[in-house]
Structure formats: C-alpha cells, structure tokens
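Numbering (our numbering), first residue to last: 11 to 381.
Here a beta-carbon is modelled for each residue, glycine too, at the ideal position from N, C-alpha and C.
Report on one structure; see the data block that follows.
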C-alpha cells in the first residue's frame with residue numbers, strides 16, 4: 011500500500027497550489043461551506059476500514075496489530091475493484107463506547123465507514139449506533155457483504171432448481187454477524203419460511219437462553235412458522251441450507267433435505283458440509299473457498315456497494331441498496347447459469363460497475379442520494 015498523488019508537484023507554482031499559500035483558499039472555502047469537501051478533498055472517495063481485531067477471519071481475537079494485514083488487504087481490494095481509497099484503522103480498544111466515540115470523531119475525514127472483523131454481538135450495537143450518529147454510509151462487511159453475495163447466488167440457485175422465494179424453506183446455521191444479516195436480506199428478498207440455528211438448535215422464542223439480538227431474530231424467523239427443535243429437526247425437508255457457523259453437519263442429517271437441495275457451506279477453511287458430501291444430496295453447492303466452484307466471496311459486493319454509494323453521495327446504505335446489489339450480481343451470470351456457476355467471478359470486469367450502478371439507482375429510489 012502507498013499514498014499516490016493525483017497531481018504533479020515538480021515546480022514552485024505546483025508546490026504553492028498543493029500547499030501554502032494556495033491551499034489556504036480551499037480551506038477558507040470549505041470553512042464557509044463544509045459540503046465543498048465533496049469537491050476539493052479526497053473525503054468523498056475514502057472509506058475508513060475499522061477493526062478492533064476481535065474476530066479476524068478464522069483466527070479469532072488476535073488484536074489490532076495482527077489485524078492490520080487484513081485491513082491493508084481490504085484496502086487493496088477496495089481500490090482494485092471499486093476505485094475507492096481505503097484507510098486501515100486498527101483500534102486498541104474493545105470497549106463499545108470507546109469504539110463508537112473514536113469512529114464518530116474520525117468520521118469527518120471519510121466518506122464512509124467499513125466495519126471489519128468486530129465480534130458479535132458487539133458488532134450489531136456498534137453498527138446500529140454509528141448509523142444513527144453519522145450521515146455517511148456505515149457498513150459492517152462481515153454481515154452485509156456476505157449477505158449480498160449469498161442472496162445473489164441463491165437467486166440463481168432457486169432459478170436453476172425451479173423454486174420461488176415464497177415457498178422455499180431455508181435453514182441458516184450460525185446466529186452471529188453473517189447469519190443475522192443473511193436472514194434479514196433473505197426476508198427482504200421474499201423468503202418466508204426461514205429458521206436460524208445456533209449450537210443449541212433453532213433460535214426460537216420458546217428458548218429461555220436467547221440474547222437480545224437472538225430474541226429479535228427469532229421473532230423475524232422461526233416464530234413466524236412455529237418451528238423449533240434441533241438442527242436435525244430444521245434440516246428435515248428443507249430446500250436450502252446456508253452455513254456460516256463452522257462445525258460439521260452429519261451426512262445423515264444432510265440426507266433428510268428435499269430433492270434438488272441447495273447447500274451453501276461457507277465456513278473456512280473447513281465447510282460445514284464438505285462439497286463431496288454435499289453433492290451426494292444437493293443439486294447446487296457453494297462454499298467460501300476458491301478451490302471449489304461457486305465461491306461466496308465478499309469482494310463481489312463491498313467495492314461496488316461503496317462505489318455506488320459514493321457516486322451519489324448517499325447518506326446511508328439501505329436494505330434496498332443491498333438487495334439491488336445482489337440482483338445485479340445474479341443477473342451477470344445470465345445464460346451461463348449452471349450448477350457450477352451461480353455467481354460471477356470477482357475478476358469479471360462487469361462486476362464492480364454493475365453493482366455500483368444498481369446501488370446508486372437504489373439510493374435514489376430510497377431517498378438517501380444527495381447528488
């Protein structure tokens with residue numbers, strides 16, 4: 011990573027424009043009208059990539075210093091696939107109040123905030139409160155990037171297997187950051203019969219051990235259909251399984267799913283259901299790994315989402331913008347749709363522009379665009 015100038019500074023005149031005395035005119039203009047930062051600074055194209063290092067990849071709580079390489083990698087992907095300038099910020103605190111206060115104080119320097127690798131359930135409160143406090147996009151990628159790409163792949167998998175959203179039974183294992191966000195975006199996209207499971211079974215209100223976030227999740231999902239019980243109970247007859255939990259699902263449980271099942275086993279490095287096992291019982295299989303077909307990879311989503319939000323100076327990223335991003339991704343597969351190709355490659359040059367255009371249009375529809 012490096013900071014690269016976009017203008018030449020090799021003469022006295024150029025230096026006087028880049029710094030004193032010329033820069034003072036820009037400062038005075040922005041002081042009189044702060045919205046001019048959109049035109050005269052890098053703020054509107056810059057995202058803060060913020061972590062506390064508590065949930066880094068599959069490594070867990072490794073702290074802010076060890077998280078830096080991941081944040082730097084994220085910045086590279088933002089630039090490569092979305093033309094967005096990312097600044098890694100690794101915070102030496104895990105206190106919710108301190109994280110929120112710090113990000114709010116840093117926010118004037120950025121066009122958006124990408125929260126990264128912050129453990130659940132703290133991540134939910136941090137994101138919600140920052141969204142309330144700030145008038146720029148706040149996006150927890152571990153939640154929403156995963157959810158967008160999952161929905162895109164599922165749209166095509168449902169098409170391939172002749173299903174519609176309203177009548178499809180979905181099981182999600184994992185009630186953490188990704189699982190909750192996937193559940194919410196699937197509901198927004200029209201899925202009606204959905205349950206989420208954790209280590210103790212279906213997240214439903216008949217349990218007395220639920221956290222506040224899980225109680226809210228139960229009301230949106232299992233409670234609506236009256237489902238409860240174990241993971242095995244949830245699997246029986248299900249059309250779709252989405253795994254974001256780690257751990258292994260026994261093959262005899264997988265075998266109870268409906269015909270032409272859809273399995274997205276996305277834990278890394280070991281999927282909940284190995285693809286070889288999944289293919290014995292499912293028609294469409296996806297993972298989080300690059301060495302199998304149909305990789306559910308966040309890089310398909312977050313660069314284009316921020317690009318589209320920045321292009322219209324959006325004040326937030328709405329559920330409609332996320333669904334639009336997923337629909338745009340799904341549409342890129344087109345006539346090439348097959349069991350081994352339900353989601354485009356990150357290296358498809360159409361991905362970033364298509365997602366950005368869809369997100370920008372949705373921002374205008376949702377009333378959050380400011381340009």
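Legend entry - 4 or more residues per run - each alpha helix (DSSP H) lying fully within the stretch 236–297: 241–245, 261–264 and 285–291
Legend entry - DSSP-derived helix/strand/coil call for residue 124: Position 114 of the chain shown, counting from 1, holds the residue named residue 124. Residue 124: strand per DSSP, three-state reduction.
Legend entry - Close-in-space but distant-in-sequence residues of the same chain around residue 184 (CB under 6 angstroms, 5 per side omitted): Translated into the one-based positions of the chain shown, residue 184 becomes position 174. Correct list, in chain order: 254 and 255.
Legend entry - residue 209: first and last residue of the uninterrupted alpha helix (DSSP H) it sits in: Counting from one through the chain shown, the residue named residue 209 turns up at place 199. Counting along the chain, residue 209 falls outside any alpha helix (DSSP H), and DSSP gives it neither H nor E.
Inset, instruction - May I ask whether a heavy atom of the ligand ZN can be found less than 7 angstroms away from the beta carbon of residue 213? - result: Among the components modelled here there is no ligand, and therefore nothing to report on the ligand ZN.
Inset, instruction - Kindly indicate which three-state DSSP category residue 58 falls into: helix, strand or coil? - result: Within the chain shown, numbered from 1, the residue matching residue 58 stands at position 48. DSSP places residue 58 in strand when its eight states are reduced to three.
Inset, instruction - Locate the beta strand (DSSP E) running through residue 330, then write down its first and last residues. - result: As a working note, residue 330 is residue 320 in the chain shown. It is not in any beta strand (DSSP E) - residue 330 instead sits in the alpha helix (DSSP H) that spans 329–343.
Legend entry - residue 179: first and last residue of the uninterrupted beta strand (DSSP E) it sits in: The sequence position of residue 179 within the chain shown is 169, counting from 1. Per DSSP, residue 179 belongs to the beta strand (DSSP E) from 179–183.
Inset, instruction - Rounded to whole angstroms, what's the CA-CA distance from residue 40 to residue 105? Just pull it up for me. - result: Counting from 1 along the chain shown, the entry for residue 40 is found at position 30. Counting from 1 along the chain shown, the entry for residue 105 is found at position 95. Taking the straight line from one Cα to the other gives about 34 angstroms.
Inset, instruction - Quick one: grab the DSSP three-state call for residue 72. - result: Numbered from its first residue, the chain shown carries residue 72 at position 62. If DSSP states are grouped into helix, strand and coil, residue 72 belongs with coil.
Legend entry - Span separating the alpha-carbon of residue 33 from that of residue 54: By one-based count along the chain shown, residue 33 stands at place 23. By one-based count along the chain shown, residue 54 stands at place 44. Roughly 18 angstroms between the two C-alpha positions.
Inset, instruction - Please go through the same chain and pick out, in chain order, the residues whose beta-carbon is closer than 6 angstroms to the beta-carbon of residue 259, but skip the five residues on each side of it. - result: For this step, residue 259 is matched to residue 249 along the chain shown. These residues qualify, in order along the chain: 282 and 283.
Legend entry - Expected contact under 8 angstroms - CB spacing of residue 63 and residue 74 to nearest Å: Here the question's residue 63 lines up with position 53 in the chain shown. Here the question's residue 74 lines up with position 64 in the chain shown. About 4 angstroms separates the two Cβ atoms, so the contact holds.
Legend entry - Span of the beta strand (DSSP E), counted from its first residue to its last, around residue 66: For the purposes of this step, residue 66 is identified with residue 56 of the chain shown, where counting begins at 1. Here residue 66 belongs to no beta strand (DSSP E), and DSSP marks it neither H nor E.
Inset, instruction - For residue 309, collect the residues of the same chain with a Cβ closer than 7 angstroms to its Cβ; drop the 5 residues on either side in sequence, then sort them by chain order. - result: In the chain shown, the residue the question calls residue 309 occupies position 299. Correct list, in chain order: 87, 91 and 356.
Legend entry - Beta-bridge pairing of residue 377 - partner residues as DSSP gives them: Here the question's residue 377 lines up with position 367 in the chain shown. Paired residues: none, contrary to the question.
Inset, instruction - Sort 25, 68 and 15 by Cα distance to residue 257 and report the nearest one. - result: Here residue 257 is taken as the residue at index 247 of the chain shown, counted from 1. The residue with the shortest Cα to Cα distance from residue 257 is 68.
Inset, instruction - State the start and end residues of the unbroken alpha helix (DSSP H) segment that holds residue 320. - result: For the purposes of this step, residue 320 is identified with residue 310 of the chain shown, where counting begins at 1. It spans 312–321 - the alpha helix (DSSP H) in which residue 320 sits, taken as one unbroken run.
Legend entry - Cβ separation of residue 392 and residue 181, assumed to be a contact under 8 angstroms, to the nearest whole Å: Summary: the structure shown does not reach residue 392, with the chain confined to residues 11 through 381, and so no result is reported for it.
Legend entry - Euclidean distance between Cα positions of residue 173 and residue 49: Counting from 1 along the chain shown, the entry for residue 173 is found at position 163. Counting from 1 along the chain shown, the entry for residue 49 is found at position 39. Approximately 47 angstroms, taken between the alpha carbons.
Inset, instruction - Please confirm whether residue 195 and residue 170 have their CB atoms less than 8 angstroms apart. - result: As a first step, residue 195 is located in the chain shown; it is residue number 185 there, counting from the start. As a first step, residue 170 is located in the chain shown; it is residue number 160 there, counting from the start. Result no, Cβ atoms of residue 195 and residue 170 do not sit closer than 8 angstroms.
Inset, instruction - Given a cut-off of 8 angstroms, decide if residue 293 and residue 321 are closer than it, judged by their beta-carbon atoms. - result: What you label residue 321 is simply residue 311 of the chain shown in a count that begins at 1. What you label residue 293 is simply residue 283 of the chain shown in a count that begins at 1. Cβ distance not < 8 angstroms, so residue 321 and residue 293 don't count as in contact.
Legend entry - Top-ranked residue by Cα proximity to residue 318, from 376, 368, 178 and 219: Residue 318 sits at position 308 when you count from the first residue of the chain shown. Per the Cα distances, 368.
Legend entry - Endpoints, alpha helix (DSSP H) assigned at residue 353: If you number the chain shown from 1, residue 353 lands on position 343. From DSSP, residue 353 is part of no alpha helix (DSSP H); its letter is neither H nor E.
Inset, instruction - Only counting runs of 3 or more residues, tell me where the beta strand (DSSP E) segments fall wholly within the stretch 131–176, in order along the chain. - result: Runs of the beta strand (DSSP E) lying entirely within the stretch 131–176, each at least 3 residues long, are 148–150 in chain order.
Legend entry - Delimiting residues of the alpha helix (DSSP H) encompassing residue 409: This structure cannot settle anything about residue 409, because the visible part of the chain is limited to 11 through 381.
Inset, instruction - Check whether the stretch 132–144 touches the stretch 239–247, taking contact to mean three or more Cβ pairs, one atom from each stretch, closer than 8 angstroms. - result: no
Legend entry - Touch test, the stretch 188–207 against the stretch 226–237, Cβ-Cβ under 8 angstroms, three pairs minimum: Contact between the stretch 188–207 and the stretch 226–237 is present, with at least three C-beta pairs closer than 8 angstroms.
Legend entry - Terminal residues of the alpha helix (DSSP H) in which residue 112 lies: Here the question's residue 112 lines up with position 102 in the chain shown. Segment 106–116, the alpha helix (DSSP H) holding residue 112.
Legend entry - Unbroken alpha helix (DSSP H) run spanning residue 23, endpoints: By 1-based counting over the chain shown, the position of residue 23 is 13. It spans 22–28 - the alpha helix (DSSP H) in which residue 23 sits, taken as one unbroken run.
Legend entry - Nearest neighbour of residue 331, chosen from 125, 29, 311 and 121 [CA to CA]: Working through the chain shown from its first residue, we reach residue 331 at position 321. With distances taken between Cα atoms, residue 331 lies closest to 311.
Inset, instruction - Give the DSSP-derived three-state secondary structure of residue 214 in the structure shown. - result: In the chain shown, the residue the question calls residue 214 occupies position 204. Looking at residue 214 - three-state DSSP - the assignment turns out to be coil, as it is neither helix nor strand.
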